[in-house]
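Novice:
Chains as they are written, first to last, in the working numbering: chain A, 460 to 864; chain B, 438 to 705.
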């Protein structure tokens with residue numbers, strides 16, 4: 460059985476680990492940390508907090524099988540109605556880096572109905588092989604049928620790594636696949652690298668709402684699977700001269716799961732920009748005071764080609780639909796630029812957006828927590844500042860575009 | 438309709454304070470609560486039972502103190518709770534956790550006269566944020582799944598098998614799915630507004646006996662659970678690079694906006 464222990468010779472009794480332990484399982488006795496093993500969940504957060512390497516997890520190791528037969532870095536080419544999701548092209552960038560350092564190929568898995576002609580797009584963006592399963596049953600995403608198709612491909616071609624976008628579809632699908640394959644899966648990665656000595660995938664992801672980062676490996680299981688957040692890497696450039704192999708596989712319609720039926724897809728969003736995929740998000744909070752004032756946020760979003768986000772308060776007040784909510788009970792986003800307008804920055808909001816690359820905040824309260832994580836901020840009245848910002852940014856962008864002509 | 442709700446105890450982030458010097462979380466003295474998304478799962482389970490009859494059972498895996506979330510679920514109207522608690526479960530990743538919960542669900546079915554119709558989970562837990570355990574349970578049990586459910590449109594009780602139609606929230610809208618029961622759904626906040634515990638519920642929770650199931654009840658191969666049996670391993674935990682020290686402008690709106698635009702215009 461695995462366990463955890465304090466190395467008493469190294470423990471200085473500093474108490475740092477007491478404060479970080481999520482289940483509160485650590486106490487001090489005789490100026491040494493003591494872990495209550497009944498309360499401990501072996502989550503490992505304390506190990507990251509210890510400056511003296513005084514906490515050690517003892518892991519009982521299991522070796523499953525010979526793993527050397529697994530080759531290739533695969534990307535799940537998520538598509539809806541024949542349009543490949545933007546995140547797939549980002550994943551291809553990463554897959555290429557990983558495949559290069561492992562000396563293997565990049566594969567893409569494309570499932571759907573009458574989608575074979577999309578395989579070239581994936582080759583142009585970096586796939587060496589595209590595995591296509593084209594079947595009417597796979598027209599719409601049904602987790603059970605997609606699992607069946609992909610598990611079949613994996614068992615036949617044995618990839619060493621599979622990446623999928625951390626989308627509502629990607630996260631749900633690959634969770635099912637990983638259990639089916641009995642292999643490790645890491646959610647919502649923001650960093651992926653190869654440990655060159657062990658030739659394994661090192662996955663970095665935020666946990667506890669982005670307040671800590673964890674590095675995760677699955678050394679004894681294949682394929683190593685991860686979902687990856689949007690905007691972690693740039694989209695792979697299109698190269699029309701690239702060539703690759705298209706491998707077609709059949710889906711046995713008799714095996715389809717008939718317990719679940721797709722009935723309809725209903726599009727529903729105020730702005731035309733998808734929040735999860737957006738490079739830029741303009742978000743409004745309680746400081747907007749009324750539903751009609753969201754127009755100020757939408758105006759700026761329009762000038763920047765941005766998506767519209769919201770804090771929980773506005774959704775609860777019925778000013779904007781839930782699908783726009785950013786934060787703990789809404790969506791987690793990490794765009795290049797996040798502009799928070801009239802959002803004070805409660806911890807529940809911050810955990811949903813603090814991984815954004817650049818954060819710009821407008822708030823009348825100079826002590827608002829949002830300013831603590833902001834790269835730029837204006838302390839002022841959102842009703843005065845926001846329209847001015849929209850106007851001046853519009854002018855600045857227009858003069859730059861004219862200059863470029 | 439027999440429903441099982443899978444819930445988790447997590448640190449309460451509303452309680453969390455940020456150390457203004459190091460910008461890190463201060464977790465000391467933080468209350469443990471039901472994962473926020475699981476509140477919607479509990480509420481939905483109770484609402485379905487109120488409409489169609491049956492029973493709602495809440496299960497949780499966790500250390501002894503996690504029993505509190507089962508008591509709270511009972512105070513909100515859940516009929517009974519089962520606590521999966523064993524040191525060999527500690528350190529389980531999502532693969533192993535979903536196996537343990539799946540085995541418990543099987544045992545609930547075996548030990549009850551009527552089978553479970555619907556398993557409800559919150560869309561994800563607020564500490565791990567993986568959203569992997571719900572679909573993982575469905576996969577272990579080979580149940581049809583619908584994740585990110587924001588509404589149960591219809592429940593057909595008189596068909597055989599029974600059928601539900603749900604709205605599944607996506608990035609750009611939603612899809613309508615029809616599922617045969619038994620099935621597993623994970624729910625988002627939009628689905629309902631959880632009730633506060635009633636006085637009667639609180640009384641019931643206080644006296645409720647919560648069975649504790651260990652691995653000797655579930656009989657899972659120890660090579661498949663806990664830290665050692667989990668396919669994934671955490672090798673390092675660290676605090677992300679700190680933000681802060683940003684440029685904050687104050688003063689005349691015209692002037693500060695101009696200065697900000699100068700700084701940020703090249704970002705777009």
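We put the CB at the ideal spot given by N, CA and C, even for glycine.
The beta strand (DSSP E) with residue 535 of chain A in it runs from where to where?
Specialist: By one-based count along the first chain, residue 535 of chain A stands at place 76. Where residue 535 of chain A is concerned, the enclosing beta strand (DSSP E) stretches over 532-535.
Novice: Output needed for residue 798 of chain A: all residues of its chain with C-beta closer than 6 angstroms, excluding positions within five of it in sequence on either side, in chain order.
Specialist: Position 339 of the first chain, counting from 1, holds the residue named residue 798 of chain A. So the list reads 741 and 819, once near-sequence residues are dropped.
Novice: Give me the DSSP bridge partner(s) of residue 814 of chain A.
Specialist: Residue 814 of chain A sits at position 355 when you count from the first residue of the first chain. Its beta-bridge partners do not exist; DSSP assigns none.
Novice: Kindly list the residues whose CB is nearer than 7 angstroms to the CB of residue 735 of chain A, restricted to its own chain and excluding five residues on each side of it in sequence; keep chain order.
Specialist: If you number the first chain from 1, residue 735 of chain A lands on position 276. If we look at residue 735 of chain A and ignore the five residues flanking it on each side, its Cβ neighbours are 626, 689, 790 and 792.
Novice: Give me the residue from A/638, A/612, A/557 and A/619 with the minimum Cα distance to residue 692 of chain A.
Specialist: Position 233 of the first chain holds residue 692 of chain A. Among A/638, A/612, A/557 and A/619, the Cα nearest to that of residue 692 of chain A belongs to A/557.
Novice: Residue 817 of chain A and residue 704 of chain B look like a contact to me (Cβ under 8 angstroms); what is the Cβ gap, rounded to whole Å?
Specialist: Residue mapping note: residue 817 of chain A aligns to position 358 of the first chain, counting from 1. Residue mapping note: residue 704 of chain B aligns to position 267 of the second chain, counting from 1. Yes, they are in contact, since the Cβ atoms of residue 817 of chain A and residue 704 of chain B sit about 6 angstroms apart, within 8 angstroms.
Novice: How big is the Cα-Cα spacing for residue 593 of chain B and residue 782 of chain A?
Specialist: Residue numbering aside, residue 593 of chain B sits at position 156 when the second chain is read from its first letter. Residue numbering aside, residue 782 of chain A sits at position 323 when the first chain is read from its first letter. If I take the Cα positions, the gap works out to 28 angstroms.
Novice: Quick one: what does DSSP say residue 668 of chain A is sitting in, helix, strand or coil?
Specialist: Looking up residue 668 of chain A in the first chain gives position 209. It is helical.
Novice: Which word fits residue 750 of chain A, buried or exposed, when buried means at least 16 other C-beta atoms lie within 10 angstroms of its C-beta?
Specialist: As a position in the first chain, residue 750 of chain A is number 291, starting the count at 1. So residue 750 of chain A ends up on the exposed side.
Novice: Give the range of the beta strand (DSSP E) segment to which residue 444 of chain B is assigned.
Specialist: Here residue 444 of chain B refers to the residue found at position 7 of the second chain. Its beta strand (DSSP E) spans residues 439-444.
Novice: Between the region 600-608 of chain B and the region 578-588 of chain B, do at least 3 Cβ pairs fall closer than 8 angstroms?
Specialist: Verdict: yes, contact present.
Novice: Is there contact here, the region 641-651 of chain B with the region 647-658 of chain A, by at least three beta-carbon pairs under 8 angstroms?
Specialist: Contact between the region 641-651 of chain B and the region 647-658 of chain A is absent, because fewer than three Cβ pairs lie under 8 angstroms.
Novice: To test your reading of the DSSP string, which unbroken beta strand (DSSP E) runs of 3 or more residues are found completely within the region 564-595 of chain A?
Specialist: Taking only runs of at least 3 residues, the beta strand (DSSP E) segments lying wholly in the region 564-595 of chain A are 565-571 and 588-593.
Novice: Which residues does DSSP list as the beta-bridge partners of residue 835 of chain A?
Specialist: Position 376 of the first chain, counting from 1, holds the residue named residue 835 of chain A. For residue 835 of chain A, which the question treats as bridged, DSSP gives the partners A/819 and B/684.
Novice: With distances taken from CA atoms, which of B/438, B/439 and B/476 is nearest residue 445 of chain B?
Specialist: In the second chain, residue 445 of chain B corresponds to position 8, counting from 1. The shortest C-alpha separation from residue 445 of chain B is found at B/476.
Novice: Give, in chain order, every residue of the region 536-556 of chain B whose Cβ lies closer than 7 angstroms to some Cβ of chain A.
Specialist: Here the close residues number zero.
Novice: Three-state secondary structure (DSSP) at residue 680 of chain A?
Specialist: Locating residue 680 of chain A in the first chain gives position 221, where the first residue counts as 1. It is coil, neither helix nor strand.
Novice: Inspect the beta-carbon positions of residue 645 of chain A and residue 620 of chain A and report whether they are closer than 8 angstroms.
Specialist: Sequence index remark: in the first chain, residue 645 of chain A carries index 186 (1-based). Sequence index remark: in the first chain, residue 620 of chain A carries index 161 (1-based). No; because the gap between Cβ atoms is not below 8 angstroms, this pair is not in contact.
Novice: Report yes if the CB atom of residue 472 of chain A is closer than 8 angstroms to the CB atom of residue 487 of chain A, and no otherwise.
Specialist: Counted from its first residue, the first chain places residue 472 of chain A at position 13. Counted from its first residue, the first chain places residue 487 of chain A at position 28. Cβ atoms of residue 472 of chain A and residue 487 of chain A: closer than 8 angstroms.
Novice: Check the Cβ of residue 719 of chain A against every Cβ in chain B and list those closer than 9 angstroms, keeping chain order.
Specialist: As a first step, residue 719 of chain A is located in the first chain; it is residue number 260 there, counting from the start. Per Cβ cutoff of 9 angstroms: 581, 582, 583, 614, 615, 616, 617 and 620.
Novice: How would you list, in chain order, the residues of chain B whose beta-carbon sits under 8 angstroms from the beta-carbon of residue 516 of chain A?
Specialist: In the first chain, the residue the question calls residue 516 of chain A occupies position 57. The answer, in chain order, is 528 and 664.
Novice: Which of the three DSSP states is assigned to residue 721 of chain A in this structure?
Specialist: The sequence position of residue 721 of chain A within the first chain is 262, counting from 1. The answer is strand: DSSP assigns residue 721 of chain A an E or B state.
Novice: Given residue 439 of chain B, which residues of its chain have a CB within under 6 angstroms of its CB, disregarding the five upstream and five downstream residues?
Specialist: Looking up residue 439 of chain B in the second chain gives position 2. Around residue 439 of chain B: 491, 492, 551, 553 and 554.
Novice: List the residues that DSSP assigns as beta-bridge partners of residue 671 of chain B.
Specialist: Walking along the second chain from the start, residue 671 of chain B turns up at place 234. Partner(s): A/675.
Novice: Cβ closer than 8 angstroms: which chain A residues qualify as neighbours of residue 568 of chain B?
Specialist: By 1-based counting over the second chain, the position of residue 568 of chain B is 131. Under the 8 angstroms cutoff, chain A gives 630, 631, 634 and 646.
Novice: In chain A, which residues lie less than 9 angstroms from residue 564 of chain B when you measure between Cβ atoms?
Specialist: To locate residue 564 of chain B, count along the second chain from 1; it is residue 127. Correct list: 481, 502, 666, 667 and 668.
Novice: Determine, using beta carbons only, whether residue 479 of chain B comes closer than 8 angstroms to chain A.
Specialist: What you label residue 479 of chain B is simply residue 42 of the second chain in a count that begins at 1. No, residue 479 of chain B does not count as interfacial toward chain A.
Novice: Residue 533 of chain B CB to nearest chain A CB: under 8 angstroms?
Specialist: Indexing the second chain from 1 puts residue 533 of chain B at position 96. No, residue 533 of chain B does not count as interfacial toward chain A.
Novice: Could you pull the start and end residues of the beta strand (DSSP E) that residue 470 of chain B belongs to?
Specialist: By 1-based counting over the second chain, the position of residue 470 of chain B is 33. Per DSSP, residue 470 of chain B belongs to the beta strand (DSSP E) from 469-471.
Novice: Within the chosen definition, does the region 697-716 of chain A reach the region 842-857 of chain A through at least 3 CB pairs nearer than 8 angstroms?
Specialist: Taking 8 angstroms as the limit for Cβ pairs, the verdict is that the region 842-857 of chain A does not touch the region 697-716 of chain A.
Novice: Give a yes or no on contact between the region 711-724 of chain A and the region 656-675 of chain A, applying the rule of three or more CB pairs nearer than 8 angstroms.
Specialist: Judged by Cβ distances under 8 angstroms, the region 711-724 of chain A makes no contact with the region 656-675 of chain A, as fewer than three pairs qualify.
Novice: What in chain A is Cβ-close to residue 577 of chain B, meaning under 8 angstroms?
Specialist: Position 140 of the second chain, counting from 1, holds the residue named residue 577 of chain B. Those are 638, listed as they occur along chain A.
Novice: Closer than 7 angstroms by C-beta to residue 541 of chain B: which residues in its own chain qualify, once you throw out the five before and the five after it? Chain order, please.
Specialist: As a position in the second chain, residue 541 of chain B is number 104, starting the count at 1. So the qualifying residues of the chain are 496, 519, 521, 650 and 655.
Novice: Taking 8 angstroms as the CB-CB cut-off, is residue 613 of chain A touching chain B?
Specialist: Locating residue 613 of chain A in the first chain gives position 154, counting from the first residue. No, residue 613 of chain A lies away from the interface with chain B (no Cβ there is under 8 angstroms from its Cβ).
Novice: When you compare only the Cα positions, how much space is there between residue 828 of chain A and residue 634 of chain B?
Specialist: For this step, residue 828 of chain A is matched to residue 369 along the first chain. For this step, residue 634 of chain B is matched to residue 197 along the second chain. Computed Cα separation, rounded: 32 angstroms.
Novice: Can you give me the C-alpha to C-alpha distance between residue 638 of chain B and residue 770 of chain A, rounded to a whole angstrom?
Specialist: Translated into positions along the second chain, residue 638 of chain B becomes position 201. Translated into positions along the first chain, residue 770 of chain A becomes position 311. Distance between the alpha carbons of residue 638 of chain B and residue 770 of chain A is about 32 angstroms.
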